[in-house]
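K.L.:
Pasting a structure here, questions to come.
Number of protein chains: 4
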Amino acid sequence: MKIRVYYEDTDVGGVVYHSNYLKFCDRARNQLFFDADRSLIFEEGILVVKHIDADYLKTAKFGDILEVNTTLLEIKNASFCLLQKIFRGDEKIFEMKIDIVFIDFGGNIAKIPLQEKAFLSGLS
Amino acid sequence: MKIRVYYEDTDVGGVVYHSNYLKFCDRARNQLFFDADRSLIFEEGILVVKHIDADYLKTAKFGDILEVNTTLLEIKNASFCLLQKIFRGDEKIFEMKIDIVFIDFGGNIAKIPLQEKAFLSGLS
Amino acid sequence: MKIRVYYEDTDVGGVVYHSNYLKFCDRARNQLFFDADRSLIFEEGILVVKHIDADYLKTAKFGDILEVNTTLLEIKNASFCLLQKIFRGDEKIFEMKIDIVFIDFGGNIAKIPLQEKAFLSGLS
Amino acid sequence: MKIRVYYEDTDVGGVVYHSNYLKFCDRARNQLFFDADRSLIFEEGILVVKHIDADYLKTAKFGDILEVNTTLLEIKNASFCLLQKIFRGDEKIFEMKIDIVFIDFGGNIAKIPLQEKAFLSGLS
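Chains as they are written, first to last, in this note's numbering: chain A, 384 to 507; chain B, 384 to 507; chain C, 384 to 507; chain D, 384 to 507.
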């Protein structure tokens, strides 16, 4: 998943605005589903971010080409944890662990549908 | 409706990113409803932007305090047109005409619910 | 220039938030420069949006693949006008005319540097 | 620091997009400086986010009024750590620890200017 840094991603400091790295990682997660021809709209509920632990290692700049790398660290019945790294060439500029939980439309934690769980398990 | 320009609103050029003026105007439209204790989630459909004609007169910068001014230019059965101006002090920095149309959940143009139409008519 | 609609681009109405179409068009303008190995950071000044006239024809949804098409309508010494269209397959969903002006770092309108003018003239 | 959730902040899931909580916290940090009549543009360098550890406790929705609460956890010569909590009424919906470092324009870690350090120390 390659991402170009456009004008919209930068701030007055001349670098990528800090919350946009989270967007880039989300794009990569979305793209995993798109690439596998899977929908991210589920009948049983939605995926919700629960926890993020992020290290900003280098700053990305306008025009940079970044690559996001996603691996599964752990999957349970109702949640999973991903490790996402952003590289510029060989240089790692960002890394985060993200915990995502499945909740039903009543807002309660619920089991990840089996097909999704099987798909996610294949990401490790 | 006063709006402060935060870091998130700027770009590498040191000024407010051009599409964010549209967000500021949208906040002001939202706020008109909130101030009148009205919901923007309707049972009959949604409001959709149809056309925008925008003049960028001056550039806003990080830290500026802006004020958005909204007036109704015209209202019809299924659509209305607003004039929105953004000021920094006495200086007008942005102005746009925006046409908004009401569509039902099937995606068809529909009559604006009567109560909303009455409310919008009061904005002129 | 193909653009995928990600979660970040949508709003609670289930469609692409209206100001994001301007971002998509900006990405396409950025990409024209990147594809030609040209910088968008100039020594003499910056490009600033002056006027936008935009028609929202259809709504784009999460997961859609869009294509942005950019042509030059007119170029003068200090400004130029582009026509940008966004398609989903064969269907045109958005179209805008955008006027962009070159200003120096003192904030005054200035001549577009000759090399940039030559490059932009080639877009028609 | 009160923040209203506008249309722009939501996503197709009907709730606030996860990276926007970071924007809300940044607004609150900006506002601390504005309220004290201090600039966030320094002569010696810029403040850069180094690490974020964030817990998403509840989801915020369109129209919600949120309040961001910021306290200093620790300050060193070149960096500081803040605790930021977002509340909706009495209910805590988000909490994060954020480490921010001062870097000079050459990109190297540098001492926080004394006046800024004194100001930040007052936030605890």
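We put the beta carbon where it would ideally sit given N, CA and C, even for glycine.
With 9 Å set as the bound, which would you pick, yes or no: does the beta-carbon of A:Tyr-439 sit closer than that to a beta-carbon of chain D?
P.N.:
Numbered from 1 along the first sequence, position 56 holds the residue referred to as residue 439 of chain A. At least one chain D Cβ lies under 9 Å of A:Tyr-439.
K.L.:
Pull up the distance between the alpha-carbon of C:Ile-429 and that of D:Leu-423, whole angstroms please.
P.N.:
Locating residue 429 of chain C in the third sequence gives position 46, where the first residue counts as 1. Locating residue 423 of chain D in the fourth sequence gives position 40, where the first residue counts as 1. Taking the straight line joining both Cα atoms gives about 23 Å.
K.L.:
What residue from C:His-401, C:Gly-489 and C:Asp-482 has the CA that sits closest to C:Thr-454's CA?
P.N.:
The residue labelled residue 454 of chain C in the question sits at position 71 within the third sequence. Among C:His-401, C:Gly-489 and C:Asp-482, the Cα nearest to that of C:Thr-454 is on C:Asp-482.
K.L.:
Is there contact between the segment 446-464 of chain B and the segment 478-495 of chain B, where contact requires at least three CB pairs shorter than 8 Å?
P.N.:
yes
K.L.:
Let me know the secondary structure DSSP gives B:Ala-411 once reduced to three states.
P.N.:
Within the second sequence, residue 411 of chain B is the residue found at index 28, counting from 1. Looking at B:Ala-411 - three-state DSSP - the assignment turns out to be helix.
K.L.:
Within 10 angstroms of the Cβ of B:Gly-505, are there 16 or more other Cβ atoms? Answer buried if so, exposed if not.
P.N.:
The count along the second sequence starts at 1 and reaches residue 505 of chain B at position 122. Flag for B:Gly-505 reads exposed.
K.L.:
For A:Tyr-390, return the contacting residues in chain C, with the cut-off set at a CB-CB distance below 7 Å.
P.N.:
The residue given as residue 390 of chain A occupies position 7 in the first sequence. The contacting residues are Asp-409 and Asn-413.
K.L.:
Which residue spans inside the segment 412-496 of chain C form an unbroken beta strand (DSSP E) run of at least 3?
P.N.:
429-439, 448-458, 462-471 and 474-486
K.L.:
By a C-beta neighbour count over all protein chains shown, 10 Å radius and 16 as the cutoff for buried, is A:Ile-469 buried or exposed?
P.N.:
Stepping through the first sequence from its first residue, residue 469 of chain A is reached at position 86. Buried.
K.L.:
Output, in chain order, the set of chain C residues within a Cβ distance shorter than 7 Å of A:Lys-406.
P.N.:
Here residue 406 of chain A corresponds to residue number 23 of the first sequence, with the count starting at 1. Per Cβ cutoff of 7 Å: Glu-391.
K.L.:
In whole angstroms, give me the CA-to-CA distance for B:Arg-471 and B:Tyr-389.
P.N.:
Taking the second sequence and counting its residues from 1, the one referred to as residue 471 of chain B is at position 88. Taking the second sequence and counting its residues from 1, the one referred to as residue 389 of chain B is at position 6. Each residue's Cα considered, the two are about 15 Å apart.
K.L.:
Between the C-alpha atoms of C:Tyr-404 and A:Arg-421, what's the straight-line distance to the nearest angstrom?
P.N.:
Along the third sequence, one-based indexing puts residue 404 of chain C at 21. Along the first sequence, one-based indexing puts residue 421 of chain A at 38. Distance between the alpha carbons of C:Tyr-404 and A:Arg-421: 25 Å.
K.L.:
Determine, using beta carbons only, whether C:Lys-459 comes closer than 9 Å to chain B.
P.N.:
Start at 1 with the first residue of the third sequence, and residue 459 of chain C comes out as number 76. Contacts with chain B at 9 Å (Cβ-Cβ) do not include C:Lys-459.
K.L.:
May I ask you to list the residues that DSSP assigns as paired with B:Val-388?
P.N.:
By 1-based counting over the second sequence, the position of residue 388 of chain B is 5. Bridge partners of B:Val-388: none, in fact.
K.L.:
Within 10 Å of its beta-carbon, does A:Glu-391 have 16 or more other beta-carbons around it, so buried, or fewer, so exposed?
P.N.:
Mapped onto the first sequence, residue 391 of chain A falls at position 8. By the neighbour-count rule (16 or more Cβ atoms within 10 Å), A:Glu-391 is buried.
K.L.:
Do D:Gln-467 and B:Arg-387 come within 9 Å of each other at the CB atom, strictly closer than that value?
P.N.:
Reading the second sequence from its first residue, position 4 is the one you call residue 387 of chain B. Reading the fourth sequence from its first residue, position 84 is the one you call residue 467 of chain D. Taking 9 Å as the Cβ cut-off, B:Arg-387 and D:Gln-467 do not qualify as a contacting pair.
K.L.:
How many Å lie between A:Ala-501 and C:Gly-446 at the Cα?
P.N.:
Numbered from its first residue, the first sequence carries residue 501 of chain A at position 118. Numbered from its first residue, the third sequence carries residue 446 of chain C at position 63. So the alpha carbons of these two residues sit roughly 22 Å apart.
K.L.:
Flag B:Glu-427 as yes when its Cβ comes closer than 8 Å to any non-hydrogen atom of the ligand MN, and as no otherwise.
P.N.:
This structure lacks the ligand MN, and indeed carries no ligand of any kind.
K.L.:
Hey, does D:Gly-397 have any beta-carbon neighbour from chain C nearer than 9 Å?
P.N.:
Along the fourth sequence, read from residue 1 onward, the residue named residue 397 of chain D stands at position 14. At least one chain C Cβ lies under 9 Å of D:Gly-397.
K.L.:
Verify the CB distance criterion: does D:Phe-485 have a CB-CB separation below 9 Å to chain C?
P.N.:
Along the fourth sequence, one-based indexing puts residue 485 of chain D at 102. Output row for D:Phe-485: interface = no.
K.L.:
Where DSSP assigns a beta bridge to B:Glu-398, which residues make up the other side?
P.N.:
Against the second sequence, residue 398 of chain B aligns to sequence position 15. The sequence shown places Val at residue 398 of chain B, not Glu. DSSP output for B:Val-398 lists B:Lys-444 as bridge partner(s).
K.L.:
Is it buried or exposed, A:Asp-409, if we count other Cβ atoms within 10 angstroms and call 16 or more buried?
P.N.:
In the first sequence, counting from the first residue as 1, residue 409 of chain A sits at position 26. Around the beta carbon of A:Asp-409, 16 or more other beta carbons lie within 10 angstroms, which makes this residue buried.
K.L.:
Short check: CB of A:Val-431 to CB of D:Gly-397, under 9 Å?
P.N.:
As a working mapping, residue 431 of chain A is identified with position 48 in the first sequence. As a working mapping, residue 397 of chain D is identified with position 14 in the fourth sequence. Cβ atoms of A:Val-431 and D:Gly-397: not closer than 9 Å.
K.L.:
I need the straight-line Cα distance from B:Ala-419 to A:Glu-427, nearest angstrom please.
P.N.:
Start at 1 with the first residue of the second sequence, and residue 419 of chain B comes out as number 36. Start at 1 with the first residue of the first sequence, and residue 427 of chain A comes out as number 44. Going by C-alpha positions, B:Ala-419 is about 36 Å away from A:Glu-427.
K.L.:
Please work out which residues of its chain come closer than 6 Å, Cβ to Cβ, to C:Ile-476, disregarding the five sequence neighbours upstream and downstream, and give them in chain order.
P.N.:
Here residue 476 of chain C is taken as the residue at index 93 of the third sequence, counted from 1. Hits under 6 Å: Leu-440, Lys-441, Ala-443 and Ile-469.
K.L.:
Between which residues of its own chain and A:Asp-438 is the CB-CB distance below 6 Å, once the five residues before and five after are set aside?
P.N.:
Start at 1 with the first residue of the first sequence, and residue 438 of chain A comes out as number 55. Only Glu-478 meet the Cβ criterion.
K.L.:
Which residues in the same chain as A:His-434 place their Cβ atom closer than 6 Å to its Cβ, once the five residues preceding and following it in sequence are excluded?
P.N.:
Locating residue 434 of chain A in the first sequence gives position 51, counting from the first residue. Hits under 6 Å: Asp-482.
K.L.:
Using the Cα positions of B:Val-451 and B:Met-384, report the straight-line distance between them to the nearest angstrom.
P.N.:
Here residue 451 of chain B is taken as the residue at index 68 of the second sequence, counted from 1. Here residue 384 of chain B is taken as the residue at index 1 of the second sequence, counted from 1. One Cα belongs to B:Val-451, the other to B:Met-384, and the distance between them is close to 6 Å.
K.L.:
Can you grab the Cα-Cα spacing for the pair B:Ile-486 / B:Arg-412, in whole Å?
P.N.:
The count along the second sequence starts at 1 and reaches residue 486 of chain B at position 103. The count along the second sequence starts at 1 and reaches residue 412 of chain B at position 29. Computed Cα separation, rounded: 18 Å.
K.L.:
For C:Glu-499, count the other beta carbons within 10 Å of its own beta carbon; 16 or more makes it buried, fewer makes it exposed. Which is it?
P.N.:
Residue mapping note: residue 499 of chain C aligns to position 116 of the third sequence, counting from 1. Label assigned to C:Glu-499: buried.
K.L.:
So which of B:Gly-490, B:Asp-473, B:Glu-474 and B:Lys-480 has the shortest CA-CA distance to B:Glu-457?
P.N.:
Start at 1 with the first residue of the second sequence, and residue 457 of chain B comes out as number 74. Taking only the C-alpha atoms, the option nearest B:Glu-457 is B:Lys-480.
K.L.:
Give every residue of the same chain whose Cβ lies closer than 6 Å to the Cβ of C:Ile-416, excluding the five residues on either side of it in the sequence, and list them in chain order.
P.N.:
Looking up residue 416 of chain C in the third sequence gives position 33. Note that residue 416 of chain C is Phe in the sequence shown here, rather than Ile. Here the set comprises Leu-423.
K.L.:
Are D:Phe-407 and D:Leu-465 closer than 9 Å when you measure CB to CB?
P.N.:
For the purposes of this step, residue 407 of chain D is taken as residue 24 along the fourth sequence, with counting starting at 1. For the purposes of this step, residue 465 of chain D is taken as residue 82 along the fourth sequence, with counting starting at 1. Cβ atoms of D:Phe-407 and D:Leu-465: not closer than 9 Å.
K.L.:
Can you find the residues in the same chain that come closer than 7 Å, C-beta to C-beta, to C:Phe-488, ignoring five residues on each side of it along the sequence?
P.N.:
As a first step, residue 488 of chain C must be located in the third sequence, where it is residue number 105. Scanning its chain for C-beta atoms nearer than 7 Å, with the 5 sequence neighbours on each side dropped, one finds around C:Phe-488 the residues Gly-428, in chain order.
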